[in-house]
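Residue numbers (this note's numbering): 17 to 99. Glycine is no exception: its CB is placed at the ideal position from the N, C-alpha and C atoms. Quantities reported herein were computed from a predicted structural model and do not represent experimental measurements. Only one structure is covered here, and it is reproduced in the block below.
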C-alpha cells in the first residue's frame, strides 16, 4: 500500500495540476475524486470532506477551496515521502 501511495500520489497530483492549469474542470474533478480516496487512506477526515466539496465545486466550474486542497496535497506528499 505504501509503495503504491509513493508512486501514484505524485503522478496523480501532477495530472490534477495540469488539468487545473488548462481549465479542464471535469477532468480535474475526476482527479480530485481519485485523490480523495488517498486522503481517506491516510485518515484525513476533515480533508476528505474538503475534497468532496472541492470536487463538486469543480464540476460547476468553481475553484473555491483550490488553495486549501492544494495545501492538503502538499502535506500528503511530504508525509508519504517520509514513509
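Identity of the residue in the options nearest residue i by Cα
| i | options | result |
| --- | --- | --- |
| residue 37 | 17, 98, 82 and 87 | 82 |
| residue 74 | 27, 18 and 48 | 48 |
| residue 29 | 58, 68, 44 and 57 | 44 |
| residue 69 | 59, 58, 18 and 52 | 52 |
Same chain, Cβ closer than 6 angstroms to residue i, neighbours up to 5 away in sequence not counted
| i | result |
| --- | --- |
| residue 88 | 63 |
| residue 41 | 74 and 77 |
Residues of its chain near residue i, where Cβ-Cβ distance is below 7 angstroms and the 5 sequence neighbours each way are ignored
| i | result |
| --- | --- |
| residue 50 | 28 |
Separation of residue j from residue i, as counted between CA atoms
| i | j | result |
| --- | --- | --- |
| residue 93 | residue 26 | 7 angstroms |
| residue 33 | residue 39 | 10 angstroms |
Cut-off 8 angstroms between Cβ atoms - residues of its own chain near residue i, not counting five sequence neighbours on either side
| i | result |
| --- | --- |
| residue 22 | 96, 97 and 99 |
Threshold first: 4 residues or longer. Then list the alpha helix (DSSP H) segments lying entirely within the region 56-93, N to C. 61-75
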